[in-house]
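Residues 33 to 310, numbered by my numbering, are exactly what the first sequence covers, in order.
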Amino acid sequence: MVRGIRPALEGATLVEFVRLPCKRRPLLLEPSLAVIRRRTSGKRIQAVRRRAKRVVIELETGEGFVIEPRMTGLMLVTDPPTVEHLRYAWRVRGADGIQTVQFWDRRGLGTVRLLDREALAALMTPGKIGPDALEMTPALWRDVLSRTRRPVKVALLDQALVAGIGNLYASEVLHLSRIHPATPADRLSPAKIRKLSEAVQSVLQLAIEHEGSTLSDGTYRNVLNQDGGYQNSHQVYDRAGLGCPRCGRSIVRIVQAQRSSFFCPVCQIDPSRRTARR
DNA sequence: ATTAATGTTCAGAA
DNA sequence: TTTCTGAACATTAA
33 MVRGIRPALE GATLVEFVRL PCKRRPLLLE PSLAVIRRRT SGKRIQAVRR RAKRVVIELE
93 TGEGFVIEPR MTGLMLVTDP PTVEHLRYAW RVRGADGIQT VQFWDRRGLG TVRLLDREAL
153 AALMTPGKIG PDALEMTPAL WRDVLSRTRR PVKVALLDQA LVAGIGNLYA SEVLHLSRIH
213 PATPADRLSP AKIRKLSEAV QSVLQLAIEH EGSTLSDGTY RNVLNQDGGY QNSHQVYDRA
273 GLGCPRCGRS IVRIVQAQRS SFFCPVCQID PSRRTARR
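Structure follows, in structure tokens:
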């Protein structure tokens, strides 16, 4: 997302931030539209960055837009999937003239905020949300996972612990590292933690290279409104009843923290049954 | 026609 | 203190 919108925005001048005529109830916008427009119109865009799952558009003033797409939000530089779910747009003037980046959100759970310099700096460093998943090391993982007894799958989704891993990727990561999703986070062996650390890197890097996963209900799409490709590489996510690509056994779906987890009962051995021998 | 599910996050309760 | 529950929303599949 960030790489897609960066060429249009970085170095350009924000002509105006606009609310699009979406009929539905507005999603969270802070502060008010009028205040945002007053503070940002005419300002140069210094950088477009990512922090965990958030898009950050930093202005010359030090202030910055923080966009949280959540479930169905998209940043687009072309026509959207539907016109009625268009929420906001950034109209900018750059080297190539006037361009528009739009925020489209079907479910409307996404948020757009304008943060001041201090709040932005606080967001970019680990604090309220944890270190970025792609910045983690085995040592950091050990530290973070030792802090909770919750199931490792639930811990991976806790953005205060580690920021940037979503539900689908948590299942994929655990399958690749052959860890049962119900394993208490603080009971993973150093060897498993190392595997987990490597799996997070490879799954997320590959997913980014393939421009994400477009699921059956057409959720994520790139800035050109094109499908991603990583759904074709899913080993377990949304594959309950289908064969594990590694061993052939049927993939199982369970619910943890009110979210679906998918895993292979053969490749990912239940830790409580591992030592069950007499 | 209901119900449950969905790449999520957060406040408030247990 | 830590963990769990439900709500915000729109759409689709069962």
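Just so you know, even glycine gets a beta-carbon here, dropped at the ideal spot from N, CA and C.
- Sixteen is the threshold: when 16 or more other Cβ atoms of the shown chains lie within 10 Å of the Cβ of VAL133, as they do, the residue is buried.
- The secondary-structure analysis by DSSP pairs GLU62 across a beta bridge with ARG145.
- DSSP, reduced to helix, strand and coil, places ILE283 outside both helices and strands of the structure shown, so it counts as coil.
- In the DSSP annotation of this structure, ALA192 is not part of any alpha helix (DSSP H), being labelled neither H nor E.
- A distance of 8 Å or more separates the beta carbons of GLY105 and ILE77.
- Put simply, the region 296-303 touches the region 270-279. At least three CB pairs are less than 8 Å apart.
- If you ignore the 5 residues before and after ILE240, its C-beta comes within less than 7 Å of no other C-beta in its own chain.
- Beta-bridge partners of ALA231 (DSSP): none assigned.
- Here ALA195 is near PRO163, since their CB atoms are less than 8 Å apart.
- In the DSSP secondary-structure assignment, PRO183 is bridged to PRO216.
- In this structure, the CA atom of GLY94 is about 22 Å from the CA atom of PHE135.
- A check of alpha carbon separations from VAL235 across ALA202, HIS212, ALA289 and LYS224 identifies ALA202 as the nearest.
- By a beta-carbon distance limit of 8 Å, THR45 contacts ARG125. Their separation comes to about 5 Å.
- Looking at LEU65, SER292, LYS85 and PRO53, the one whose alpha-carbon comes closest to that of ASN199 is SER292.
- Shown here, LEU52 sits in coil according to DSSP, grouped into three states, outside any helix or strand.
- Close CB contacts of ASP218 within its chain, under the 8 Å cut and outside five residues either way in sequence, are with LEU177, SER178, ARG179, THR180 and ARG181 (chain order).
- Look at TYR120 here: in three-state DSSP terms it is strand.
- According to the DSSP secondary-structure assignment, GLU204 is paired through a beta bridge with no residue.
- Look at the beta carbons and you see the region 136-146 touching the region 84-100: at least three pairs across the two are nearer than 8 Å.
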